[in-house]
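Each remark here refers to the structure printed beneath this line.
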Amino acid sequence: MGHSRTEKAESHERILRAAALKLREAGLNGVGVAELMQAAGLTHGGFYRHFESRDALVAEAVRAALEQGERRQRRIAGTHADAPFAALVQHYLRPAHRDEIAEGCALVALSADAARAGEAVRAAFAEQVERYVALYAELLNAADPPAARAEAVLALASMVGALALARAVGDDALAQEILTTTAQKLTQRPPDPA
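Just so we're aligned, residue 3 is where the sequence shown starts under our numbering, counting upward by one.
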């Protein structure tokens, strides 16, 4: 019995990983259950042993994709103790991230779809945005918490917007200008006067 529970948990995680990739790549409505299950190496018939509905899978996969992005950002910041925020910005706004849609930032890949999604997806987005804002405010290390939060909101919105625009324009030079300019402006901000 324990073995089947372990297998079910492993299959569930495999479905979530595959769905998180596919949803970032194709959007929340761009892929069906059969394709998601096939990407996980499982049959369509086993879907309902793991999820009540497609919406339940989408909400859980979106949450998993968003959490994966946060873990990645924390890891990057943690390996650059001298300038963690600048390292995070530079890593996020690099051409390789622009090009890795399926494995890149879920906020960028799914924001437009999430705005039209159900409450569970929007709640996952809101929760993760708050977590990113808290992380950025901590990394900015401003003496004034409300000012740090404002800077963090500005940074998150700028980074997500810059990456979305860089992906959307069909001009590599313009895309690079968007990424470079945003990274420079975010990392060369005047120090906190406190």
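Ideal Cβ placement from N, Cα and C applies to all residues, glycine included.
Treat the numbers as computed from the prediction; the structure is a model and nothing was measured.
Practice task
Note the first and the last residue of the continuous alpha helix (DSSP H) segment covering His-93.
Solution key: 86-94
Practice task
Tell me whether Tyr-50 is buried or exposed, calling it buried when 16 or more other Cβ atoms sit within 10 Å of its Cβ.
Solution key: exposed
Exercise for the section: Would you kindly check if the distance between the Cβ of Leu-158 and the Cβ of Val-135 is under 9 Å? Expected result: yes
Exercise for the section: Decide if Glu-9 is buried, meaning its Cβ has at least 16 other Cβ atoms within 10 Å, or exposed. Expected result: exposed
Problem - Beta-carbon proximity list for Val-2, same chain, < 6 Å, skipping 5 on both sides - result: Missing from the structure shown is residue 2; the chain here goes from 3 to 196 and no further.
Exercise for the section: Give me the Cα-Cα distance between Gly-43 and Ala-149, rounded to the nearest whole angstrom. Expected result: 48 Å
Exercise for the section: Identify whether Ile-103 lies in helix, strand or coil by the three-state DSSP scheme. Expected result: coil
Practice task
May I ask you to verify whether the stretch 138-152 touches the stretch 55-73, counting CB pairs closer than 8 Å and requiring at least 3?
Solution key: no
Practice task
May I ask you to report which of helix, strand or coil DSSP gives Gln-186?
Solution key: helix
Handout entry: Exposure of Gln-75, with buried meaning 16 or more beta-carbon neighbours within 10 Å
Key = buried
Problem - Where Ala-125 falls: helix, strand or coil (DSSP) - result: helix
Practice task
Report the option in Asp-173, Lys-24, Gly-71 whose CA atom is closest to the CA atom of Leu-109.
Solution key: Gly-71
Practice task
Jot down the residue ranges of each uninterrupted alpha helix (DSSP H) in the stretch 35-64, minimum 4 residues, whole runs only, in chain order.
Solution key: 35-41
Handout entry: When Asn-31, Arg-133, Ala-164, Asp-57 are compared against Arg-151, the one with the closest alpha-carbon
Key = Arg-133
Exercise for the section: Give me the Cα-Cα distance between Ala-67 and Cys-107, rounded to the nearest whole angstrom. Expected result: 8 Å
Practice task
May I have the straight-line CA-CA distance separating Glu-179 from Gly-47, to the nearest angstrom?
Solution key: 47 Å
Exercise for the section: Measure the CB-CB distance between Ala-21 and Leu-38 and report whether it falls below 9 Å. Expected result: yes
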